[in-house]
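Residue numbers (the numbering used here), protein chains in the order written: chain F, 357 to 444; chain G, 1419 to 2011.
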């Protein structure tokens, strides 16, 4: 299992569209994806879960990925977040 | 539900005030839509049948997927990309691993029937979203409920209802309209719809507007007060629903409706005429715009530009939050459409009763005196600057003006101007073009700002009086509070006098002044406002022809005298009676409101 902390940088935070993007990308990989914020952990492949995190700009998210393609999954998801979900 | 009423006794008239979500007036028979009521029973499944139950659940998911694909295609065709996206979100919810795994676990571990297991899991999520006190999540909730109902119906093997039972045109009454119900509404059979819940920015409201079906939402318990077949009047303009109207009420509304139809017939005649008094004084008549989808009606009704574009709906109505580029595109699109006439874009007026998801607004015991609009934006400079940049970028069209809401003192104006300058500098550095001469204005809607209008006018290019808040704050009356609502007046003398002060102050400094509250659209106020020398009135499109007609029927000199006289009166009743008299006797105007 690998983990990494990332900071939400897009102004509007992780809401419906970014959440959907995250879930779609996470679901491409075989590995399990978990996100935690302030100690609350959710499944990164669940749109409901990601939406309920309500991660605003500046939130620190801890990504934990476990599985055969964990490296690739981590790279793709970190890239998505660091590129502000390609919104700005 | 009360159903034991004796049908022979004429039913009592019930007048309900809700939120006008889509304009228009219709009279028709009510039809209660009960298809969205789902019943789920808890059963224990014998362990041998658990596999079967899981299969049933999975099969229902596939069935639902097929239905959604079909609806998505229809939504795309009828509503466009926005409709398509809504149902894209439904597909993601349908495929949610966590929801589906938990449901299967519940079927296996607790030996429960599939519909009950799924229902319980969804209720859990729904409750946590309901606890989140903001409109953004309320919008998601409608999607979640819609998917939930659809999947449960498929688990139970029931046929979809699709409003098929409707044979004659009717007014649809329901708890809530799901996004899919709204998409499938048959414009030929649905006269209007009215619902217990929902706000102006709910999906149902947005779709009703784009389908041009009148709608009133937020009526609380109308489903319990009405029976299918009852006569109902729906006034989407004022958010009123009247059940079992008396003959005189019916008569009043028939006149009202006919008047609207008459106006729309005469529209083509008056639309292209200038908004000018008999002695040649011109008043800018522009429209308030809430949604881009309404822009065509603004043009149809003959508005000269947009006097108020409320940007908060960009944030509240959509399922996602806008980026700077998206905001820019929206503003640019509007500016392009109304060019060469101007568009005044008002920055975010959120807080109070409008809470988006992306800002934590603490509970306030008095939100209307609390953290909202410019107060909030000056602390969330990131948001304000993003919006100012987007508006500046759209100003390359040359007809864009920017306006700030809820200003209460000069300090706020100084701070706001610093941010505008920063945004301009950034754009210059990035070589992004914008209108260097863009006009900057503020809303005058707080008494302190009205009193300081003189000094405020020195700092800006224009003022726009927001009467709804100005009345509320000047009279200290919350219109939504039934115990004091009667104190909220249409033409309060104190407010008229304040308006006069503001206009005079602005004109002394060579600054123009408009009005964008409800009073600007009130035919009873038109002659007074004309006489007070307001330069611009911005009103809801449907009222444009009426107000223009009144302005065209008088001279400015007459209006000045009428205003002068009204300003000397002591009560709002006195003013109202006087104006009604003047209008019916001197100008032969029919007054309906």
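Glycine included, every Cβ here is placed at the ideal spot set by N, Cα and C.
C-alpha gap between residue i and residue j, whole angstroms
i: residue 1763 of chain G; j: residue 1876 of chain G; result: 21 Å
i: residue 1932 of chain G; j: residue 1863 of chain G; result: 12 Å
i: residue 1438 of chain G; j: residue 1910 of chain G; result: 24 Å
i: residue 1606 of chain G; j: residue 1587 of chain G; result: 7 Å
i: residue 415 of chain F; j: residue 393 of chain F; result: 8 Å
i: residue 2011 of chain G; j: residue 1758 of chain G; result: At residue 2011 of chain G the pLDDT is 47, less than 50, meaning the model places this residue with poor confidence; the figure from the coordinates comes in the next sentence. About 33 Å.
i: residue 1533 of chain G; j: residue 1568 of chain G; result: 11 Å
i: residue 1423 of chain G; j: residue 1431 of chain G; result: For residue 1423 of chain G, the predicted model reports a pLDDT of 45, less than 50, meaning its position is unreliable; a value from the coordinates is still stated below. When rounded, the distance between both Cα atoms is 14 Å.
i: residue 1519 of chain G; j: residue 400 of chain F; result: 14 Å
i: residue 1487 of chain G; j: residue 1889 of chain G; result: 49 Å
i: residue 1492 of chain G; j: residue 1485 of chain G; result: 11 Å
i: residue 1539 of chain G; j: residue 402 of chain F; result: 14 Å
i: residue 2001 of chain G; j: residue 1988 of chain G; result: 20 Å
i: residue 1560 of chain G; j: residue 1743 of chain G; result: 27 Å
i: residue 1943 of chain G; j: residue 1456 of chain G; result: 49 Å
i: residue 439 of chain F; j: residue 405 of chain F; result: 22 Å
i: residue 1806 of chain G; j: residue 1755 of chain G; result: 20 Å
i: residue 1927 of chain G; j: residue 1709 of chain G; result: 34 Å
i: residue 1646 of chain G; j: residue 1450 of chain G; result: 5 Å
i: residue 1934 of chain G; j: residue 1885 of chain G; result: 7 Å
i: residue 1611 of chain G; j: residue 1505 of chain G; result: 21 Å
i: residue 428 of chain F; j: residue 1741 of chain G; result: 28 Å
Proximity below 9 Å, CB of residue i to CB of residue j
i: residue 1732 of chain G; j: residue 1706 of chain G; result: no
i: residue 1917 of chain G; j: residue 1950 of chain G; result: yes
i: residue 1651 of chain G; j: residue 1660 of chain G; result: yes
i: residue 1585 of chain G; j: residue 1529 of chain G; result: no
i: residue 1696 of chain G; j: residue 1955 of chain G; result: no
i: residue 1689 of chain G; j: residue 1963 of chain G; result: yes
i: residue 384 of chain F; j: residue 431 of chain F; result: no
i: residue 391 of chain F; j: residue 381 of chain F; result: no
i: residue 1814 of chain G; j: residue 1853 of chain G; result: yes
i: residue 1981 of chain G; j: residue 1655 of chain G; result: no
Of the listed residues the options, nearest to residue i (C-alpha basis)
i: residue 360 of chain F; options: F/436, F/421, F/442, F/395; result: F/421
i: residue 1938 of chain G; options: G/1929, G/1927, G/1926, G/1913; result: G/1913
i: residue 1630 of chain G; options: G/1856, G/1465, G/1441; result: G/1441
i: residue 1948 of chain G; options: G/1968, G/1964, G/1962; result: G/1968
i: residue 1882 of chain G; options: G/1851, G/1908, G/1921, G/1852; result: G/1921
i: residue 1608 of chain G; options: G/1632, G/1615, G/1616, G/1623; result: G/1632
i: residue 1766 of chain G; options: G/1741, G/1749, G/1746, G/1730; result: G/1730
i: residue 1789 of chain G; options: G/1483, G/1804, G/1825, G/1807; result: G/1825
i: residue 1640 of chain G; options: G/1627, G/1935, G/1784, G/1616; result: G/1616
i: residue 1574 of chain G; options: G/1895, G/1531, G/1490, G/1467; result: G/1531
i: residue 1978 of chain G; options: G/1952, G/1679, G/1966, G/1959; result: G/1952
i: residue 425 of chain F; options: F/388, F/364, F/362, F/379; result: F/388
i: residue 1479 of chain G; options: G/1504, G/1501, G/1511; result: G/1511
i: residue 1664 of chain G; options: G/1648, G/1854, G/1592; result: G/1648
i: residue 362 of chain F; options: F/442, F/423, F/413; result: F/413
Listed by chain order, chain G residues near residue i by CB distance under 7 Å
i: residue 399 of chain F; result: 1515, 1516
i: residue 379 of chain F; result: 1510
Contacts of residue i in chain F (Cβ-Cβ under 9 Å)
i: residue 1546 of chain G; result: 408
i: residue 1560 of chain G; result: Ordered by position in chain F, no residue passes the 9 Å Cβ test against residue 1560 of chain G, which lies about 13 Å from the chain.
7 Å Cβ cut-off: residues of chain F touching residue i
i: residue 1543 of chain G; result: 404
i: residue 1800 of chain G; result: 367
i: residue 1841 of chain G; result: Result: empty, since nearest Cβ-Cβ is about 14 Å, beyond 7 Å.
Residue i, buried or exposed, once every other Cβ within 10 Å from all chains shown has been counted against 16
i: residue 1693 of chain G; result: buried
i: residue 1769 of chain G; result: buried
i: residue 1997 of chain G; result: buried
i: residue 1714 of chain G; result: exposed
i: residue 1945 of chain G; result: buried
i: residue 1832 of chain G; result: exposed
i: residue 1870 of chain G; result: buried
i: residue 1421 of chain G; result: Confidence is the limiting factor: at residue 1421 of chain G the pLDDT is only 45, short of 50, which leaves the residue's position unreliable and the question unanswerable from this model.
i: residue 1558 of chain G; result: buried
i: residue 1419 of chain G; result: For residue 1419 of chain G, the predicted model reports a pLDDT of 39, less than 50, meaning its position is unreliable; a value from the coordinates is still stated below. Exposed: under 16 other Cβ atoms inside 10 Å.
i: residue 1781 of chain G; result: exposed
i: residue 1752 of chain G; result: buried
i: residue 1426 of chain G; result: A caution first: residue 1426 of chain G carries a pLDDT of 45, below 50, which makes its placement in the model too unreliable to give a value.
9 Å Cβ cutoff, residue i in contact with chain B
i: residue 420 of chain F; result: Absent here is chain B; the protein component of the structure consists of chains F and G.
Within chain G, the residues that residue i reaches when beta carbons sit closer than 9 Å
i: residue 432 of chain F; result: Result: empty, since nearest Cβ-Cβ is about 18 Å, beyond 9 Å.
Chain-ordered chain G contacts of residue i [CB-CB under 8 Å]
i: residue 376 of chain F; result: 1506, 1507, 1510
Interface partners of residue i on chain F, CB under 8 Å
i: residue 1804 of chain G; result: 367
Any non-hydrogen atom of the ligand SAM closer than 8 Å to residue i Cβ
i: residue 1871 of chain G; result: The ligand content of the structure shown is nil, which means the ligand SAM is not present either.
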